Amino acid sequence: MAGIVLRPDLLIALACGLLLCGCDSASESPANEQSAHTDKGGIATGEADGAEGAAVDGAQTASSTDATDATEASRATDPDRHAGMVFVRGGSFTMGSEGPLSRRNEQPPNQVQLDGFWIDTAPVTNAQFARFVEATGYETIAERKPDWDELKKSLPPGTPRPDDSLLVAGSMVFTPSAGPVDLRDMSGFWQWVPGASWQHP
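Residues in the sequence shown are numbered from 143 upward in steps of one, following my numbering.
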């Protein structure tokens with residue numbers, strides 16, 4: 143079985159979509175965007191008490207309505223632009239955790255506000271992604287040499303700099319095991335492979 147390359151850029155987009163999609167909004171059609179955005183702020187604000195809460199609630203509704211109007215205008219001028227896509231309502235969600243299995247870089251949990259966005263109903267194929275790369279010249283993270291100054295920002299203070307031989311473009315590649323492995327140890331089924339990218343494991 144061939145290795146599977148982890149695509150961080152697509153996983154991030156998918157994760158955002160899953161976090162924002164409630165049980166009633168994941169399959170919501172674009173035709174229902176107006177009602178979704180003007181339900182007193184709905185997912186974006188939740189319940190608010192008092193004059194201050196009402197003001198915040200109203201501001202969120204106005205902002206969501208503006209976003210909906212822009213979406214409608216975009217679809218009207220280019221009806222094929224969102225073919226095969228669904229619209230995910232904007233809103234807030236709790237990012238991070240303080241649970242017993244959470245990592246240090248996932249703490250503390252905090253509220254994040256996101257605008258509504260379009261997302262494909264099916265995963266992007268390599269052929270589709272190749273056309274995108276050809277048209278834009280985009281390079282994935284796996285194809286870029288790591289910048290230590292940027293990388294260390296997400297690491298604990300005092301983390302020693304890796305040897306330059308390790309700071310090369312590459313990706314984690316899923317490698318099937320010959321038998322059962324400890325799922326708490328990702329090294330049993332994910333391996334760092336220099337030079338690996340979406341084009342080749």
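All residues carry an ideal CB built from backbone N, CA and C; glycine is no exception.
Remember, it's a predicted structure, so these values are computed and weren't measured experimentally.
Per DSSP, residue i forms a beta bridge with which residues?
i      : result
TRP332 : PHE316
ASN247 : DSSP, once it has assigned bridges, lists no residue as partnering ASN247.
LEU256 : GLY233
SER339 : HIS342
ILE283 : In the DSSP output, where bridge partners are listed per residue, ILE283 has none listed.
My output table needs one value for residue i: the three-state DSSP class, helix, strand or coil.
i      : result
SER296 : helix
THR236 : strand
ASP291 : helix
VAL266 : coil
VAL323 : coil
VAL228 : strand
ASP181 : Unreliable placement is indicated for ASP181, whose pLDDT of 37 sits below 50; the coordinate value is still reported in the next sentence. Residue state, collapsed to three classes: coil.
Does the Cβ of residue i have 16 or more other Cβ atoms within 10 Å, making it buried, or fewer, making it exposed?
i      : result
ALA269 : exposed
ALA264 : exposed
PRO318 : exposed
HIS179 : Low confidence applies here, because HIS179 scores a pLDDT of 37, under 50, leaving its location unreliable and the question unanswered by this model.
Compare the C-alpha of residue i against each of the options and name the closest.
i      : options                        : result
ILE261 : GLU248, ARG223, GLY330         : ARG223
GLN249 : SER296, ALA264, THR278, VAL228 : SER296
HIS342 : LEU309, PRO298, ALA284         : ALA284
TRP340 : ARG286, ALA225, GLY300, PRO318 : ARG286
TRP290 : LEU308, PHE259, GLU281, ASP220 : LEU308
GLU228 : THR236, MET328, PHE259         : According to the sequence displayed, residue 228 carries Val and not Glu. VAL228 has its Cα closest to that of PHE259, out of THR236, MET328, PHE259.
MET237 : ALA225, PRO251, ASP327         : PRO251
GLY226 : SER239, VAL266, GLU240         : VAL266
Are the segment 240-253 and the segment 273-280 touching, with three or more C-beta to C-beta distances below 8 Å? no
Indicate whether the contact test is met: 3 or more Cβ pairs, each with one atom in the segment 322-332 and one in the segment 296-312, closer than 8 Å. no
Would you be able to state if there are at least three C-beta pairs under 8 Å between the segment 327-337 and the segment 307-318? yes
Three or more beta-carbon pairs under 8 Å between the segment 228-235 and the segment 246-256, yes or no? yes
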